[in-house]
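Down below is the structure, laid out as structure tokens.
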Amino acid sequence: MTTRPAFDLTPLHDLTKAIATAIAETPVRLGSPEGAADLAAAVAVRAAAYAGSVLPTSGRVLGEIAAERAAQDARWGEQAHPDGTGGPVMRARATEARAACQYLADNGGPDWRSILLEEVYEALAEEEPARLRAELVQVAAVATAWIEAIDRRTNAAEVGEAK
Numbered sequence: 001m002t003t004r005p006a007f008d009l010t011p012l013h014d015l016t017k018a019i020a021t022a023i024a025e026t027p028v029r030l031g032s033p034e035g036a037a038d039l040a041a042a043v044a045v046r047a048a049a050y051a052g053s054v055l056p057t058s059g060r061v062l063g064e065i066a067a068e069r070a071a072q073d074a075r076w077g078e079q080a081h082p083d084g085t086g087g088p089v090m091r092a093r094a095t096e097a098r099a100a101c102q103y104l105a106d107n108g109g110p111d112w113r114s115i116l117l118e119e120v121y122e123a124l125a126e127e128e129p130a131r132l133r134a135e136l137v138q139v140a141a142v143a144t145a146w147i148e149a150i151d152r153r154t155n156a157a158e159v160g161e162a163k
């Protein structure tokens, strides 16, 4: 198994913040504050896509995620919402999602939807911050893996069309 080198995506985050700041401070008005945030998000995503063209798959996806986070920060600022997790209803849904995913695994294999929903409901069932954080990392990892699978399918289809 070949290991890929780790890429430092911190400069991409800084770049997207700089883009958002420059757009926000420009004397040209874009119709509304949302217009400036939308432009910053679009430029950040394009920067991530460019960086993605020279990074391995995980680096590309993580670059896009970093750009999206910077765009969210530029548009909404730092968010401080309550977690809203835990409780018997979410624990029951997590149990149901695990059972559904296991059923699919036992009968031909789960799909991405069921795997992601299992992880999401497991996160929503957690009340303790450290365990919630660990579950959210798993949600992000599964979502990243799903994106990579989509990219592989898309790339395979493009290679097939080029033949």
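Here my numbering is used: position 72 in the sequence shown is 72, and no number is missing along the way. We put the beta carbon where it would ideally sit given N, CA and C, even for glycine.
> Which residues in the same chain as E127 place their Cβ atom closer than 7 angstroms to its Cβ, once the five residues preceding and following it in sequence are excluded?
Replying inline: As a first step, residue 127 must be located in the sequence shown, where it is residue number 127. Answer for E127: T85, G86, listed in chain order.
> When the Cα of V120 is compared with those of R46, G77, Q138, L15, which residue comes out closest?
Replying inline: Numbered from its first residue, the sequence shown carries residue 120 at position 120. When only C-alpha atoms are compared, the closest one is Q138.
> Can you tell which of K17, E118, R133, V142 has the C-alpha that lies nearest to the C-alpha of A66?
Replying inline: Position 66 of the sequence shown holds residue 66. The shortest C-alpha separation from A66 is found at K17.
> Is the distance from the Cβ of M90 to the Cβ of L124 below 7 angstroms?
Replying inline: Counting from one through the sequence shown, the residue named residue 90 turns up at place 90. Counting from one through the sequence shown, the residue named residue 124 turns up at place 124. Yes, the pair counts as a contact, with Cβ atoms nearer than the cut-off.
> By Cβ distance, which residues of its chain are closer than 6 angstroms to H81, with the 5 residues on each side in sequence left out?
Replying inline: Residue mapping note: residue 81 aligns to position 81 of the sequence shown, counting from 1. No residues qualify anywhere along the chain.
>> Distance check for V61 and I147, CA to CA, integer angstroms please.
In response: Position 147 of the sequence shown holds residue 147. Position 61 of the sequence shown holds residue 61. Their backbone Cα atoms lie some 7 angstroms apart in a straight line.
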